[in-house]
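The structure appears below as structure tokens.
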Amino acid sequence: MTDLPSTVCVLQYADDLIISSETREDCKKASIIVCNVLAQAGFKASKEKLQWVQPKVTYLGHIIMPGLRAISTDRVQMIRKMTSPQTVQQLQSFLGLVNYCKSWIPDCAIHDKYLRSLIDHKAPPKTLLNWTDEAEMHFTALKKAITTAPSLRLPNFLREFHLHVRETEGVAMGVLLQQHGSTYRPVVYLSRKLDNVAAGGQASSDSSEQVPLRPFIKTQETKMNEPSR
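Take any residue in the sequence shown, count from 1 to its spot, add 330: that is its number in the working numbering.
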């Protein structure tokens with residue numbers, strides 16, 4: 331599709347496509363080109379799911395709008411209606427939904443860390459959980475974080491980024507900000523369980539948990555620009 335306008339960006343995830351452009355006309359032109367290419371290849375688009383040249387669209391569970399992204403209303407409602415999990419399978423399902431939205435949750439890994447400690451990975455999926463008041467507190471905190479999550483700014487690579495980081499309870503947390511007017515707006519929240527080395531303990535034998543995050547040990551601010559191309 332080399333005849334797409336230069337201002338157009340087409341992103342594909344599996345069978346979901348999103349087309350963006352700086353102008354409505356370029357977006358419309360690109361959408362027609364993409365639809366024709368798909369038709370010529372024998373593909374069909376769902377009319378019910380089609381969002382044709384709109385300033386705000388829902389894509390992969392996210393609402394994308396000029397300069398902002400938010401969690402989709404459907405996903406928020408789904409999580410809001412979830413009751414406390416009773417089995418390993420139900421808890422894993424809940425944590426999967428939450429972690430898909432972790433960019434909006436400042437302390438996601440703290441709650442995730444505790445709730446995952448309740449899971450016996452060798453147990454059958456239907457195994458009942460030992461659900462405690464503390465588990466309910468972490469579960470409720472994650473639900474509240476999702477249902478009250480703010481919109482995040484889309485990154486502007488022509489402006490400086492400001493990264494604030496800290497460590498607590500063996501979890502590294504950070505927020506990436508950009509200045510808009512007189513305020514700083516979040517671009518993404520980050521949190522992850524530290525491996526034992528980074529947390530100051532013994533070396534971890536689980537390579538999947540090893541994260542080189544020494545800078546998170548003390549609160550600090552870092553300014554970054556887009557790398558040179």
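Virtual Cβ for every residue (Gly too), placed ideally from N, Cα, C. Computed from a predicted model, the values in this text were never measured in an experiment.
Residue j beta carbon less than 8 Å from that of residue i
i	j	result
residue 418	residue 459	yes
residue 483	residue 516	yes
residue 468	residue 493	no
residue 471	residue 510	no
residue 401	residue 348	no
residue 398	residue 336	no
residue 410	residue 431	no
residue 438	residue 376	no
residue 367	residue 340	no
residue 354	residue 387	no
residue 334	residue 369	no
CA nearest to the CA of residue i, picked from the options
i	options	result
residue 436	352, 496, 374 and 509	496
residue 350	511, 453 and 338	338
residue 502	525, 409, 513 and 511	525
residue 491	363, 519 and 447	519
residue 380	463, 362, 370 and 371	362
residue 463	485, 451, 396 and 415	415
residue 523	443, 386 and 370	443
residue 478	407, 450, 395 and 455	407
residue 453	422, 434 and 466	422
residue 485	333, 370, 394 and 346	394
residue 358	345, 373, 385 and 343	385
residue 342	449, 352, 369 and 389	389
residue 455	424, 420, 433 and 473	420
residue 392	506, 434 and 487	434
residue 396	506, 505, 374 and 352	352
Coil, strand or helix - residue i by DSSP
i	result
residue 333	coil
residue 521	strand
residue 515	strand
residue 469	helix
residue 424	helix
residue 338	coil
residue 439	helix
residue 343	strand
residue 445	helix
residue 533	For residue 533, the predicted model reports a pLDDT of 41, less than 50, meaning its position is unreliable; a value from the coordinates is still stated below. The answer is coil: DSSP assigns residue 533 none of H, G, I, E or B.
residue 557	Here residue 557 scores only 42 on pLDDT, less than 50, and its place in the model should not be relied on; the value that follows carries that caveat. Coil at residue 557, not helix or strand.
residue 538	Reliability fails at residue 538, whose pLDDT of 38 lies under 50, so the model's placement of it is uncertain and the value that follows must be treated cautiously. Note: residue 538 maps to helix in three-state DSSP.
Start-to-end residues for the beta strand (DSSP E) that takes in residue i
i	result
residue 350	346-350
The alpha helix (DSSP H) enclosing residue i, as first and last residue numbers
i	result
residue 365	354-370
Chain C within 8 Å of residue i, Cβ atoms only
i	result
residue 496	Of the protein chains in the structure, only one exists, and it is not chain C.
Give the list of continuous alpha helix (DSSP H) stretches no shorter than 4 residues that lie fully inside the segment 374-402. none
Which parts of the segment 478-518 are runs of the beta strand (DSSP E), unbroken and 3 residues or longer, counting only runs that do not cross its ends? 491-498 and 501-510
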